[in-house]
Structures are given as C-alpha cells and as structure tokens.
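Beneath this line is the structure, given in structure tokens, with notes to follow.
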Amino acid sequence: MAWDTTDTLGKGDVVSNESLANLLREERRFAPPADLAANANVTAEAYEQAKADRLGFWAEQARRLTWATEPNETLDWSNPPFAKWFADGKLNVAYNCVDRHVEAGHGDRVAIHFEGEPGDSKAITYTELKDEVSRAANALTEIGIEKGDRVAIYLPMIPEAVVSMLACARIGAAHSVVFGGFSADAIATRIEDASAKLVITADGGYRRGKPSALKPAVDEAVARVDGVDKVLVVRRTGQEVDWTEGRDIWWHEITQKQSAEHTPEAFDAEQPLFILYTSGTTGKPKGILHTSGGYLTQAAYTHHAVFDLKPETDVYWCTADIGWVTGHSYITYGPLANGATQVMYEGTPDTPHQGRFWEIIQKYGVTILYTAPTVIRMFMKWGDDIPAKFDLSSLRVLGSVGEPINPEAWIWYRKHIGADTCPVVDTWWQTETGSMMISPLPGVTEAKPGSAQRALPGISATVVDDEANEVPDGGGGYLVLTKPWPSMLRTIWGDDQRFLDTYWSRFEGKYFAGDGAKKDEDGDIWLLGRVDDVMLVSGHNISTTEVESALVSHPSVAEAAVVGAADETTGQAIVAFVILRGSAAETSDLVGELRAHVSKALGPIAKPKRILPVAELPKTRSGKIMRRLLRDVAENRELGDVTTLTDSTVMDLIQTKLPSAA
Ligand code: WT7
250 MAWDTTDTLG KGDVVSNESL ANLLREERRF APPADLAANA NVTAEAYEQA KADRLGFWAE
310 QARRLTWATE PNETLDWSNP PFAKWFADGK LNVAYNCVDR HVEAGHGDRV AIHFEGEPGD
370 SKAITYTELK DEVSRAANAL TEIGIEKGDR VAIYLPMIPE AVVSMLACAR IGAAHSVVFG
430 GFSADAIATR IEDASAKLVI TADGGYRRGK PSALKPAVDE AVARVDGVDK VLVVRRTGQE
490 VDWTEGRDIW WHEITQKQSA EHTPEAFDAE QPLFILYTSG TTGKPKGILH TSGGYLTQAA
550 YTHHAVFDLK PETDVYWCTA DIGWVTGHSY ITYGPLANGA TQVMYEGTPD TPHQGRFWEI
610 IQKYGVTILY TAPTVIRMFM KWGDDIPAKF DLSSLRVLGS VGEPINPEAW IWYRKHIGAD
670 TCPVVDTWWQ TETGSMMISP LPGVTEAKPG SAQRALPGIS ATVVDDEANE VPDGGGGYLV
730 LTKPWPSMLR TIWGDDQRFL DTYWSRFEGK YFAGDGAKKD EDGDIWLLGR VDDVMLVSGH
790 NISTTEVESA LVSHPSVAEA AVVGAADETT GQAIVAFVIL RGSAAETSDL VGELRAHVSK
850 ALGPIAKPKR ILPVAELPKT RSGKIMRRLL RDVAENRELG DVTTLTDSTV MDLIQTKLPS
910 AA
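First residue of the sequence shown? That's 250 in our numbering, and the numbers climb one at a time after it.
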C-alpha cells in the first residue's frame, strides 16, 4: 500500500533508560529588529496574560472571529482527551475567511496572487473569492452534498483548491485533501476510510515544466471503491482525460451557471471541518479530525502572532502544498481568516530556473516567507549566488516548519534570504496539533538558531523523561503537551481507541507528540526529531538531528542524514550519509575531517563510525528524510517499502556507494 510513512508514533522504546544526551551548544543569539519589536502585533505581555488566565486568553482570541452565536463556554474537558472548544458558539468558517472582509470594505484587496508554473498569473480579490466560493458552494449543493458529508479533494496548487475547501466549509461538509503526488492507492484508501461521496480533481497540473496528469489516478481509485457518485474536474492543463458520463462534471460548467450569492449557514463550533491523513509505520493512515471554531481561532491567532501579519501591507507566501496541514492552516484558513494578501505558487522551485522563488518574491514584494528546512538546504546546495541576483529587500519575517532546522541552515536563511536582519521563526507543530505550538515571536524573542524555543501564549509544552517526570533545564527526553489547545485534533476519524492509544497512553494525561526534545539552560526547547530516530550508542541516547546539524556546520556539507546501525560493541553505531557542497571533493581525507569535526562539535561519543558521501537522500513527498531506509542500507538489509519516496532510484544510487564506506 502506498501510504506515506513520515511519522511513526508509538514506538518510543529506543529512548529507554537514559534521557537524551544534550550535546549541541549553540551560542549565537539574534535580537528582534527594533522597528519590528516596536510595532509588533504581539508583545511579551501575551505570555503573562495567557499564563494568568489561559482559557480567558483563548476566549479573547476567539473574538478575532465573527460568530453567528458568540460562545459562552470556552473549553469542555469533562471527557478527556475528547475536547470541545467554544461548543455553544456557532459560526461559518468560509464566511470568516471571505465574506466578512468584503463586508468590512476590503473587497478589492487581493486575497491570492496566483503564479502558475508556466508563468501564467492571476490576482483574485476578496470579492472575487467570495463569488467563486459561493458559486462552488451552490454547485456542491446542486450535486447533493450536504452538511456532514465528506468530500475528497485531489488538486494541484491552483486557486480552485482553496475555493473547494472553502465551499465545503461553507455548507458544512468536511474535506479530505489528498496530496496531488499520491497514488491511486492512497486516494482509494482515503476515500474509503472517510466514505467520501464526491471527489474534486483536475485534468492535471504543471510540474517541472510539463503537464502532469491527475485524473487517471482518481479514475482508478473511484473504480475501486463504493460510494463516490460524482467527480468534479477542474480544467487546468487542457490535457486529454477519460470521461465517465453521468459521473464526471466539469468544474467550470457547473460553477459558471451558479449564482454568486450564497447565504452561509451557521454551524456548531465543533462541526467537523476536515480530515487529513497522516501515516504510521504500521496499519492504515490515521484520519486526523479537525473541527471549526477552535481550529480557526488558533490558526488565525498564530498566523497573526508568529508572522506579525499586517493585512493592509504584508504580502505573505507559504510555499507548502495544500495537501499538507501547513497548506490547510497557513494557506487557506489562517491567512484568509486574517484578511491577508498571499502568493500561491503551483510549481517546483527549479522551474524554469533555480531562482524561481526569489523571482516570485521580487515580483510580488513578498514580506513574509514560510518554507521548510529541506527547501532551505536545497537552496544552500544550489549556491548563494542564486538568491543574490534578486531583490529580496521586501522580506521582513522568515518562517520554517516541517523538521528541525539545522543551525547552519537557519543562519544561511537569515543571511542570504533575510539580509541578516529578518527574524527567523522556527515553528514546531503537527498535523495533529492543527496549528503552531512552539515558536519564537518575531518581535519578542531573542532567537537561537535551531531552536523553536518556547510554547506560544496559551500553549503548554514540556519535556519529560521515561517516567513522565519533567526534565530539568539542560535535560532531554520526550516532548509532551500538557493542556488541551483549541486546534487540537478531536480524534482519529472512526477510531477513538487508536486516538487514545497513539497519543494519550504513553504518559497519563499528557499528549505524546512522538518527538525527542531537550531543554537548554534557559528552559528553551530544542526539537530533536522523531523518537524512532534517536540512536543508542554505548548507552547514550543521541539525537540524529544533532549529529546532522554538526555535519551541516562543516563548509563542505550541504545536507546530512544520520542513522544508528546495529553494532556489536556499541549497541548502535552512528552512520552518516552526506551530500557534499558543489566544490567539495570526496576523499578519505575529507571523511576523516568530517568525523573529527563532529567529534569536536558534540564530543567523541557522537563521532560517526562511517560517513558515506551520496548524491541524494531518500525523502518523502513532504520533504522528510526517510531514515528507516538508510538504516536498512547501513545494516545491509533488504530495503523496506520505498513507495512513498519522491524518487525511488535514489536508493539504488546510495546502495552502490556502500563498498566505499570509510
Ligand atoms: C512532525 C509533524 C507542522 C506541519 C508540517 C509537518 C516535525 C515539524 C518542526 C520544527 C522540529 C518539526 C516533528 C513533528 N516538525 N515542525 N519546527 N522543528 N521538528 O506536519 O507531517 O504532521 O509532521 O514534523 O517531528 O512531529 P506533520
């Protein structure tokens, strides 16, 4: 089965007797720019306020939204861990993301600057978005979609993706977005699990300079499952498609004939908004369920606070795909609830050239950029001279999400993209948390490269040891969330027991995130990767993230992936796979130098036993390194499931490297 295996919760046995060794020392500090601090949306006071009255704080944040019925109740935690937030309130999420901005006189503001990969572009104002969403909502109703139904969405990064999501929200149907790079298998599993009645797709999208078909995968998936009555098809590329009469409907045909008027109905705050699937190592993907009022409150608040968004002047760009939670919370819901102007880009960063991102920033005057460490490391590899050719002076805040960001990648991002002045906000969260949980605030926090630092106002996070005791400053262990938060997952769709087992059984009364973490001497949190990726070397728990960061801090290394391989003497031995920077030559001298470099940075215990230079690393489609496969290579095992890799030939290349192991 081709489902994604990026997260592997519940297997934390590797971190057993001892807490994580705290090896990395990072002394660099960056204060917020004075002008940003002086005009920041959120100041240090927010922490105090939320600490004094957490629920009062969230009740106040809920008032950022427009409610049809204001909530009186903030949190119902009478049946933990099944939370209800703002349960007696009623609202319409799409109204909050679109109509109310038009009513407030901002209808002419651009909501989305769409940039297609082939270079076509289109500006969509809030008024136009309202009309589009209304037409789509009317079309869904005509098709027979009702409140409480599920709709699968399998689209490229085009405005119709956002419009579809909002149209579902508007009529109270839950969407289940399936990433456009996933297979027919993955679509079928997700349609089936959620019993979706409708699929919204496109003929194709543009990828690496070519139209890439989407509809065939939907045709195949729908043929295999029961219950999908209709398939809506957006025409994007104009390529040929197979057509099933009576089932398939062109998006443009059905939406164009609809009225642009649609009265949004008010739904309960706990009305399901979406299901988004995240995978496990075993078993079927987990359908993470998010609901309306609490989710939107925290998505909107964090987008306002962490990016310091000024909707009148900022141009925001999140480079994620709509198929990931980042696209849900920080392309569709958070920014639109806040009335932001944003860029949406369809394609890849190197089409038609490696400066495409910077060209887009220059073209639209992007002020806030939100991207992932894997993308940043790729830019580092491509060279400093590429961004240097563009005017990036509009930028004022830089965000990172998806993985721990190595300190060197953080510094590169700040220096080469942010003119050495933009704050970098490293935001830790998960599909399950719905929105950001741990992050610096750009106008408040003295930033530390590589650390997400501190739980946001109103959020309670800490690090515990095996026995659930909070570790002291300087200690390491497991990241846990200790109080419910508004955008928390409500359950795993159709499987409450799995919800309990996966997240709430490891530590009594605490949410187990599945990430290793440490606290530094100031109590700031450093994320150390998934607990399955922690290595146990001669009795010491060592984080793969820290060894990778040490390698990346060497001028010859662009990217590194580290695994623990079974070893007779040390239990596990550290094996590192590195991608060298353009000019560095692969010699045994260099390998020796890199081992010494790690030893110097982290101590001899962290010195890799073997270092293998490789051309590429195996990554999932969301950009995460699949260490599991590298472990297979390092332990001379047959490779596990490679179907979720972006490019499975990468593994062949890596395996041919083995004889040259140092
Ligand atoms: C896992 C969640 C959050 C949206 C994208 C990923 C890792 C995410 C960070 C960060 C260190 C991070 C964690 C987490 N992660 N952000 N800033 N620092 N690790 O969502 O696919 O649900 O993955 O991504 O391991 O548990 P996701």
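For each residue, glycine too, the CB sits at the ideal point set by N, CA and C.
**OP:** Could you tell me which residues DSSP puts in a beta bridge with F826?
**Re:** A810 and L861
Original post:
With 16 as the cutoff for other CB atoms within 10 Å, does E595 come out buried or exposed?
Top reply: buried
Original post:
Between the C-alpha atoms of P329 and D750, what's the straight-line distance to the nearest angstrom?
Top reply: Their backbone Cα atoms lie some 13 Å apart in a straight line.
Subject >> Segment contact, 8 Å Cβ cut-off, at least three pairs: the stretch 557-571 with the stretch 584-600 >> reply: In short, these stretches touch, since the Cβ pair count reaches three.
Subject >> Classification of E652 by the beta-carbon crowding that lies within 10 angstroms, buried from 16 upward >> reply: With 16 or more Cβ atoms within 10 Å of its Cβ, E652 is classed as buried.
Original post:
Between I361 and V411, which are expected to be in contact by the criterion C-beta below 8 Å, what is the C-beta distance as a whole number of angstroms?
Top reply: 7 Å
**OP:** Please go through the same chain and pick out, in chain order, the residues whose beta-carbon is closer than 6 Å to the beta-carbon of T581, but skip the five residues on each side of it.
**Re:** Same-chain partners within the cutoff: V411 and M414.
**OP:** Throw me the rounded Cβ distance for the V467 and V483 pair, which I believe falls under 8 Å.
**Re:** Wrong, their Cβ atoms sit about 12 Å apart, outside the cutoff.
Subject >> Check whether A317 and N341 have beta carbons under 8 Å apart >> reply: The Cβ atoms of A317 and N341 sit closer than 8 Å to each other.
Subject >> Opening and closing residue of the alpha helix (DSSP H) in which C417 lies >> reply: That run of the alpha helix (DSSP H) goes P408 to I420.
Original post:
Cα separation between T905 and V783?
Top reply: 26 Å
Original post:
Excluding five sequence neighbours on each side, which residues of the same chain lie with their C-beta closer than 6 Å to the C-beta of D901?
Top reply: none
Original post:
Considering only the beta carbon of each residue, do F556 and H539 sit closer than 8 Å?
Top reply: No, the pair does not count as a contact, with Cβ atoms beyond the cut-off.
Original post:
Quick one: what does DSSP say W661 is sitting in, helix, strand or coil?
Top reply: Of the three classes helix, strand and coil, the one that applies to W661 here is helix, per DSSP.
Subject >> Collapsed DSSP secondary structure at E364 in the structure displayed >> reply: strand
Subject >> Cα-Cα separation between S897 and V811, rounded to whole angstroms >> reply: 19 Å
Subject >> Nearest neighbour of V346, chosen from K858, A586, K479 and D325 [CA to CA] >> reply: Residue 346 is actually Cys in this sequence, not Val. Comparing alpha carbon positions, the residue from K858, A586, K479 and D325 closest to C346 is A586.
Subject >> Backbone CA spacing between E502 and T623 [nearest angstrom] >> reply: 39 Å
Original post:
Do A554 and L463 have their C-beta atoms within less than 8 Å of each other?
Top reply: no
Original post:
T551 lies in the alpha helix (DSSP H); which residues open and close that run?
Top reply: G542 to V555
Subject >> Contained beta strand (DSSP E) runs [length at least 3] in the stretch 317-388, N- to C-terminal order >> reply: Listed in chain order, they are 324-328, 331-334, 359-364 and 370-374.
**OP:** Starting from V786, follow its DSSP beta bridges and name the residues at the other end.
**Re:** V786 pairs with H789 and G820.
Original post:
Can you find a C-beta in chain B that's less than 8 Å from the C-beta of Y760?
Top reply: The structure shown contains no chain B; it is built from a single protein chain.
Subject >> Terminal residues of the beta strand (DSSP E) in which W775 lies >> reply: I774 to R779
Subject >> Secondary structure, alpha helix (DSSP H): runs of 4+ residues fully inside the stretch 549-605 >> reply: 583-586
Subject >> Same chain, Cβ closer than 7 Å to W775, five either side skipped, listed in chain order >> reply: G699, S700, A766, K767 and D769
**OP:** Could you check how far apart the C-beta atoms of A401 and A445 are, in whole angstroms? I think they sit under 8 Å.
**Re:** With a contact defined as Cβ atoms closer than 8 Å, A401 and A445 qualify at about 4 Å.
**OP:** Determine the burial state of P486: buried for a count of at least 16 other Cβ atoms within 10 Å of its Cβ, exposed for fewer.
**Re:** The sequence given here has Thr at residue 486, not Pro. The residue in question, T486, is buried, as its Cβ has 16 or more Cβ neighbours within 10 Å.
Subject >> Of the listed residues E377, P598 and D442, nearest to A509 (C-alpha basis) >> reply: E377
Original post:
Which whole-angstrom value describes the C-beta separation of P548 and G421, a residue pair presumed to lie in contact below a C-beta threshold of 8 Å?
Top reply: Going by the sequence as given, residue 548 is Ala instead of Pro. A548 to G421, Cβ: 18 Å. No contact.
Original post:
For ligand 1, is there a heavy atom less than 7 Å away from the beta-carbon of V650?
Top reply: yes
Original post:
If P733 sits next to T546, beta carbons under 8 Å apart, how far is it from one beta carbon to the other, in whole angstroms?
Top reply: Wrong, their Cβ atoms sit about 13 Å apart, outside the cutoff.
Original post:
Near L269, what residues of its chain come up, given a Cβ to Cβ distance below 7 Å and the 5 sequence neighbours on each side ignored?
Top reply: Result list for L269: G725, G726, G765, K767, L777, V783, N790 and S792, in chain order.
**OP:** Go ahead and pull the three-state DSSP assignment for W499.
**Re:** Reduced to three states, the DSSP call for W499 is strand.
**OP:** Label A825 either buried or exposed according to how many other C-beta atoms from any shown protein chain fall within 10 Å of its C-beta, with 16 as the threshold for buried.
**Re:** buried
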